[in-house]
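Peer 1:
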Amino acid sequence: MPSVSMTVNGRAVTGDVEGRTLLVQFLRENLSLTGTHVGCDTSQCGACVVHVNGESVKSCTMLAVQADGAEVTTIEGLAKDGELHPMQEAFRENHGLQCGFCTPGMVMSAVDLLQKNPNPDEGEIREWLEGNICRCTGYHNIVKAIQTAAASMKG
Amino acid sequence: MQMTGQYRIEAPRETVWEALNDVEVLRLCIPGIEEIEKTSDTSFTAKVRAKVGPVSARFAGEVTLSDLDPPKGYTISGEGKGGAAGFAKGGAKVSLEEDGAATLLNYDVNAQVGGKLAQIGSRLIDGTAKKMADDFFSRFAETVGGAPAEAGPTPAAPAAAPQPAAPPAAQEPAPEPSDADVGAGASLGVWVTGLLVAVLILIAIFAL
Amino acid sequence: MYDFNHHRPASVEDAAKALTGASDGKILAGGQTLIPTLKQRLASPSDIIDLGGIAALKGIKEEGGNIVIGAMTTHATVAGDATVKAKIPALAALADGIGDAQVRNRGTIGGSIANNDPAADYPAGLVGLGATVHTNKRDIPADDFFLGMFETALEEDEIVTVVTFPVPEKAAYAKFANPASRYAIVGVMVSSGPAGVRVAVTGAGPRALPPRRPRGGAGR
Amino acid sequence: MSDTGIGASVKRKEDFRFLTGQGRYTDDINRPGQLYAYFVRSPHAHAKIKGINKAEAEKSPGVRAVFIGADMEADNVGSLPCGWVVTDRHGDPHKAPPHFPLARDKVRYVGDHVAVVIAETYAQAKEAGETVEVDYEELPAAATLGTALSSSAPLVHDEAPGNLCYDWVLGDEAEADAAFAKAAHITKVDLVNNRLIPNAMEPRAAIGEYDGGTDSYTLYSTSQNPHLLKLILCAFVLGLSENKLRVIAPDVGGGFGSKIFCYAEETVCTWAAKKVRAPVKWTGDRSEAFTSDAHGRDHITHAQLAMDENGKFLGMKVETTANMGAYLSSFATSIPTYLYATLLAGQYTTPVIYVNVKSAFTNTAPVDAYRGAGRPEATYVVERLVEVAAREMNIDPAEIRRRNFIKPEQFPYQTPVALQYDIGDYDASMTKALEMIDYDGFPARKAASEAKGKLRGIGFSAYIEACGIAPSAVVGSLGAGVGLWESAQVRFNATGTVSVFTGTHSHGQGHETTFSQLVADTLGLPIENVEVVHGDTGSIPMGMGTYGSRSLAVGGSAISKACDKIIEKSKKIAAHLMEASVDDVEFDKGTFRVKGTDKEKSIAEIAFTAYVPHNYPEDLEPGLDETAFYDPLNFTYPSGVHIAEVEIDPATGMTEIVDWVAVDDFGNVINPMVVEGQVHGGIAQGVGQAMLERAVYDDGGQLLTGSYMDYCMPRADNLPSFRVGMTQTACTHNPLGVKGCGEAGAIAAPAATINAITNALGILSMDMPATPEKVWRLANQHAQAAE
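Here it is as structure tokens:
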């Protein structure tokens, strides 16, 4: 059984996994980081989005062994010292979530957007979110939240 | 899905008919065949490995011949179970026409896929079924007729898909007009429409 | 998913060796098609040869008037690369329209063309731009590379290493995406460059092809 | 208004845990020693099970047990019931063929449950599952609604000849015919209400657990109504004592109706936990959700509207065929009848309405409530009819609606289809919506679009909803097998904080916040001091759960009543503590005062003494903990007007929603932010139905849209930002004056969208979903016709 080592939310972790173990399974089952969710099996819903080496990826479409040696950030690693990340805060402020299931992936995806494009317009935000499905909010408040976060992160 | 096609085989009808009933010939022609065994004069069991891109599924099943009308044709039908992938079943009505010294083989295939493959792979089913039928009949024509087969496509629908550049081939998998609104490749209309529009957009871009 | 042996070779040679040595080996590039297929248990390879550890397969450079893209370069990298954007903006736009942001962060050009999905974007890009596919064994012009639905000229133990694109005078890619899967219902790459005017279409048939009668008399 | 009181957009209390990955959904829960279940499902739409060979699976690594229908039968496990009896036009109950959790003799849809494999890991269970050999004799399938009732259709159940579940009528056909005979104009439409798959983002999951020491069970489940699930499982399916089953529905990732029902999987996990003496966990994947969650909608309707020469409605006749799927899901029968036909009056004074609904069994997944449940279908019929009528009569679409609106002075208004609307002001919503969309400016906007080569259209939908699903007496008289009241317990802790136990369930609606606001405001407490507890039958009073936009109107009213009881009891305590008469004690903002004195006690002080009653008199009971049950007098009737504006590119058929105005009357509003969020989500689902979503089975009963590759979910780039406005007429019969808001958007949006698209295209009708291909064809057909 292959052994993998990676840094997850700043913490070095090691685990024995099968070749077929998905990154999301490793996070949820081995590390009990259950904030990352699985909402589909065809890599479309985006509930499982985490950052690997700083980029958003679908952790259900990546093997744990592929993340060997990587820096992984999950929703649990976003808030620092009990302080919500500005994106989390903006989601709360703008009611960008309802049932909360798609939220971790949505937030991680949105954070990656602002890394790449700190000043996106509404159309760019909507297009970026193509890989994240939310059934509750109609996206209206998610888009608002990302705009708010963009403004607050600019400072 | 349904599809039809025609092959001209450079062999007399009797020869073609015999080949159609010869397990050894079928073994050579069925794409992905791993095992085939005759269980009676009109039936055999087979194991086939179907590979479509990343998908690779083993189907085990039975094939039966019916409506035997030697040497004019028969109906070949079968059903295979593919475990997690689901099942595939279908049949082909094959008729043989004499065309001078050669034979025209007409087929009318009816195929259905069920379970997981239908559920998540519907966009690829028609193309795959068509490809497998073409593979079979072109290999068959080649095996029996000796030379690469000459294709005479008789499309069920107006051929919208681009034609391949090189033989051997019947018509390319023209997707069947289907009821699904959303599947890629779900509807012939969408393809034609989309193609035209995309070409028009590009022409507009180039005209600038 | 069925279990498999995982290999992470450090060179293309080792990867080819692992592939030859496996009873039913499969190359893993970005994995954005292969992993969902494995999850659905629609394939059960004995061995997975993960190219993620081969640094030489990544990256983009300009060389002899061509844009040279390593097989393991992600769509996001191609889409965001300054050289590609300057020299072949149509190719950057094509890469930027594949799947979604997360798929683009993992999916690779080599994986896409080796898979040759009939609705994928890159095959039309390669044919429409007159690219050449380089493997560990040979160089294959794009026109000869894409054979049919999911079929390429690649042999069993052949691995795509690099794709080179001649820089066209101008080019454009347009696609109609399936609203659900976002695969191309149809995508068209048109270019005018060293190889003349080229048109290639994906989605509308089993493989990326020039249309039967290119408009305006353009042809290969 | 305080910044956390009723009417304030308080930020949600539940968000911190969801935003930091600390939500606790069923799949996040793991029980010691748990095993994993994998369901072997039918790949066929219709087949006889001739035999099942499970020997190899039983020998597979890690496998503890493989169960099939016969094993459940041997344990006398019953059929999953349908809880609502619909009486047909001849006075007979609907046909109710059995629905066993694991199929016995036959499978009837793709995804039907055939066997369950229980193993130490999920992978082991799945691998073993593939070795279960089922010998099927395939049968022809009745896969499409259009042909299911024909005499040549294969029979889904022997118990239901002709595949007919019921043939039901509402209204008087002769009266309707008489109204039509007088008509100056009759508008006819043929509509298909496309079948939808709910797709809550969290797939269903369940963990069944058995405690041998107490002979009791715990079921963790993704349920919208844990008590109802408990009741059904115990009383109808598993034959357990109700005191021996605890159902916990923790955080649930969306429901939209699909998690109301009692499903095979949770039944099997509960039952099997005792068989294998270990917790049994099942987590569905999306593929399973597509095939085996109850689907929604799926109607074929022919409707007619009779009018006088001024466009005044004289009568309506509606014939609908509704799909039930292969088995009756928990409430399936009521959706196309009592939740559909009764809404066909809409906001209008149509005096006579006659409805005939035939429900059919087909070899497809069961169909039941999905967001709006019957009411979107009704609104689609009414608002398409009205729109087509306006175009045929050449009357402005807003004007024809205004001419027929029920006027404010006509309330309470008895419709010809059994409902009594308590209050509303439909004209007010229309006026506000027209202002917000700048209706007068539409011709100029249309011209501007045309100058760009685009087609612009505007579409109205004036919807009404009957929600706050209750009252028990009414639903009981209509055949419901349950009461539809709601419960609440408001429990003061000794230190002055409050735990509120509600029988409703929150799976995105924000109850923890809204209910806290309600309690904090009513009792004069800081909102942080209020905790809302839901979802655990072990701790909450029996309640009926959340669906049909009932939580605030019914559940919130129960909380309000419990708070009243708290205040009443507190007054007695205050009177004792301040040595005054109860009648002299007044309560205001958390403080009890003796009239005309400066004596006062805070509610926290009262609560403390209630639990430390060192000097209570004999007749004063300690404790401050009150439970209330609330059974309303009527449904609530939210209403509103949605206006969509679209722009179509005739060259591509691409439709863009360029503006959306929603003006809704939800009565009094506790948290406008939460309410607007509900409206947004509802509109998105309605637009999804109108433009993107459609479940497609092929003629053989295979689901072709079985993943997100083919079933098109609305995504951010399919939708605009919405403009939401409100008008208010307070509900007359609940203590809060509130109505329901959860389904409004999904009810209003399909008609608004299709009305806008057909308006842009200059045609009368088209079927949903309005995909680019369809729109392109119609746009070009239209262009040709115009040349």
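Residue numbers (the numbering used here), protein chains in the order written: chain U, 2 to 156; chain H, 9 to 216; chain Z, 5 to 224; chain V, 182 to 968.
Where a beta carbon is used, it is the ideal one built from N, C-alpha and C, also for glycine.
1) Kindly list the residues whose CB is nearer than 6 Å to the CB of Pro-170/H, restricted to its own chain and excluding five residues on each side of it in sequence; keep chain order.
2) Closest to Val-562/V by C-alpha separation, out of Val-499/V, Gln-595/V and Gly-664/V, would be which residue?
3) Are the C-beta atoms of Pro-175/H and some chain V residue less than 9 Å apart?
4) Is the CB of Gly-223/Z under 9 Å away from at least one CB in chain U?
5) What residues from chain H crowd round Pro-172/Z, counting only those whose CB sits closer than 7 Å?
6) Reducing DSSP to helix, strand and coil, say where Arg-211/Z ends up.
7) Give every residue of the same chain whose Cβ lies closer than 6 Å to the Cβ of Lys-91/Z, excluding the five residues on either side of it in the sequence, and list them in chain order.
8) Could you please give the first and the last residue of the uninterrupted beta strand (DSSP E) stretch that includes Ile-643/V?
9) Between which residues of its own chain and Gly-553/V is the CB-CB distance below 7 Å, once the five residues before and five after are set aside?
10) Please list, in chain order, all residues of the same chain as Ala-164/H whose beta carbon is under 7 Å from its beta carbon, the five residues on each side excluded.
11) Going along the chain, which residues of its own chain have a beta-carbon closer than 6 Å to the beta-carbon of Asp-69/U, five neighbours each way excluded?
12) Given that a residue counts as buried once 16 or more other Cβ atoms are within 10 Å of its Cβ, and exposed if not, what is Glu-390/V?
13) At which residue ranges does the region 23-70 of chain Z contain complete beta strand (DSSP E) runs of 3 or more residues, listed in the order of the chain?
14) Nearest to Ala-550/V by CA position, among Asn-575/V, Asp-489/V, Thr-531/V and Gly-436/V, is which residue?
15) Output, in chain order, the set of chain V residues within a Cβ distance shorter than 7 Å of Phe-95/H.
16) What does the Cβ neighbour count give for Val-63/H, buried or exposed, with the cut at 16 atoms within 10 Å?
17) Give, in chain order, every unbroken run of the alpha helix (DSSP H) that is at least 4 residues long and sits entirely within the region 288-344 of chain V.
18) List the DSSP bridge partners of Lys-229/V.
19) Quick one: what's got a C-beta closer than 6 Å to Asn-915/V's C-beta in the same chain, skipping five residues either side?
20) Do you know offhand how far Pro-183/H's Cα is from Pro-213/V's?
21) Since Trp-841/V is in the beta strand (DSSP E), which residue starts that stretch and which ends it?
22) Can the beta-carbon of Pro-384/V be found less than 9 Å from the beta-carbon of Thr-464/V?
23) Measure the alpha-carbon distance for Glu-631/V versus Val-839/V and round it to whole angstroms.
24) Whole angstroms are fine: how far does the CA of Ala-701/V sit from the CA of Asp-286/V?
25) Taking the straight line between their C-alpha atoms, what separation do you get for Trp-265/V and Ile-516/V?
26) In the structure shown, what three-state DSSP assignment does Thr-523/V receive?
27) For Leu-112/H, which option in Val-102/H, Ser-51/H, Arg-57/H and Asn-118/H has the closest C-alpha, if you only look at C-alpha atoms?
28) When DSSP labels each residue in this structure, what does Leu-196/H get in the three-state scheme?
29) Go ahead and label Ser-422/V buried or exposed: buried means 16 or more other beta carbons lie within 10 angstroms of its beta carbon, across all protein chains shown.
30) Going along chain Z, which residues have a C-beta under 8 Å from Lys-55/H?
31) Contact check, Ala-937/V vs Ala-825/V under 8 Å by CB: the rounded distance?
32) By the 10 Å Cβ neighbour count, where 16 or more other Cβ atoms means buried, how is Pro-282/V classified, buried or exposed?
33) Lys-588/V: which of Asn-257/V, Gly-555/V, Ala-960/V and Thr-910/V sits nearest, CA to CA?
34) So Cys-744/V and Leu-704/V are supposed to be a Cβ contact under 8 Å. How far apart are they, rounded?
35) Taking only beta-carbon positions, decide if Pro-62/H is within less than 9 Å of chain Z.
36) Closest by CA to Cys-100/U, which one among Thr-694/V, Val-919/V, Thr-934/V and His-688/V?
Peer 2: According to the data block:
1) Reliability of the predicted coordinates at Pro-170/H is poor, the pLDDT of 33 falling under 50, and the value obtained from them is presented with this limitation in mind. Exclusion of the five residues before and after Pro-170/H leaves no residue of its chain whose Cβ lies closer than 6 Å to its Cβ.
2) Closest by alpha carbon: Val-499/V.
3) Only weak support is given to the placement of Pro-175/H: the predicted model assigns it a pLDDT of 31, under 50, and the question is left unresolved by the model.
4) Residue confidence for Gly-223/Z is low, a pLDDT of 36 falling below 50, so the modelled location carries little weight and cannot support an answer.
5) Per Cβ cutoff of 7 Å: no residues; Pro-172/Z is ~12 Å from chain H at best.
6) Of the three classes helix, strand and coil, the one that applies to Arg-211/Z here is coil, per DSSP.
7) Once the five neighbours on either side are set aside, the close Cβ partners of Lys-91/Z are Ile-71 and Val-171.
8) A small correction: the amino acid at residue 643/V is Ala; Ile does not occupy that position in the sequence shown. For Ala-643/V, the uninterrupted beta strand (DSSP E) run begins and ends at 636-645, by DSSP.
9) So the qualifying residues of the chain are Glu-924, Ala-927 and Ile-928.
10) Because the pLDDT of Ala-164/H is 38, which lies under 50, any placement of that residue in the model is unreliable, and the question is left without a value.
11) Here the set comprises Val-5.
12) With at least 16 other beta carbons inside 10 angstroms of its own, Glu-390/V counts as buried.
13) Runs of the beta strand (DSSP E) inside the region 23-70 of chain Z: 29-32, 51-54 and 64-67.
14) The option with the nearest alpha carbon to Ala-550/V is Gly-436/V.
15) Below the 7 Å Cβ cutoff, chain V contributes Pro-224 as neighbours of Phe-95/H, in chain order.
16) By the 10 Å Cβ count, Val-63/H comes out buried.
17) Runs of alpha helix (DSSP H) with 4 or more residues, each lying fully within the region 288-344 of chain V, are found at 303-310 and 326-329, listed in chain order.
18) Looking at the DSSP output, Lys-229/V sits in a beta bridge with Lys-287/V and Glu-318/V.
19) Contacts found: Ala-734, Ser-738 and Pro-813.
20) Summary for Pro-183/H: the model assigns pLDDT 35, below 50, so the residue's position carries little reliability; its value from the coordinates is reported in the next sentence. Those two C-alpha atoms are separated by around 52 Å.
21) Its beta strand (DSSP E) spans residues 835-846.
22) Judged by their CB atoms, Pro-384/V and Thr-464/V are nearer to each other than the 9 Å cut-off.
23) Computed Cα separation, rounded: 14 Å.
24) Distance between the alpha carbons of Asp-286/V and Ala-701/V: 56 Å.
25) As the crow flies, the alpha-carbon of Trp-265/V is around 10 Å from that of Ile-516/V.
26) In the structure shown, Thr-523/V sits in a helix (DSSP, three-state: H, G or I).
27) When each option's Cα is compared against that of Leu-112/H, the closest is Val-102/H.
28) Annotation note: pLDDT 32 at Leu-196/H (below 50); position unreliable, coordinate value reported separately. It is helical.
29) Here Ser-422/V is exposed: its Cβ has fewer than 16 other Cβ atoms, across all protein chains shown, within 10 Å.
30) Within 8 Å Cβ-Cβ: nothing; Lys-55/H doesn't reach chain Z, min ~15 Å.
31) By a beta-carbon distance limit of 8 Å, Ala-937/V contacts Ala-825/V. Their separation comes to about 4 Å.
32) Under this definition Pro-282/V is a buried residue.
33) Closest option to Lys-588/V, Cα to Cα, is Thr-910/V.
34) That belief holds up - the Cβ atoms of Cys-744/V and Leu-704/V are roughly 6 Å apart, short of 8 Å.
35) Cβ-Cβ to chain Z under 9 Å: yes for Pro-62/H.
36) Per the Cα distances, His-688/V.
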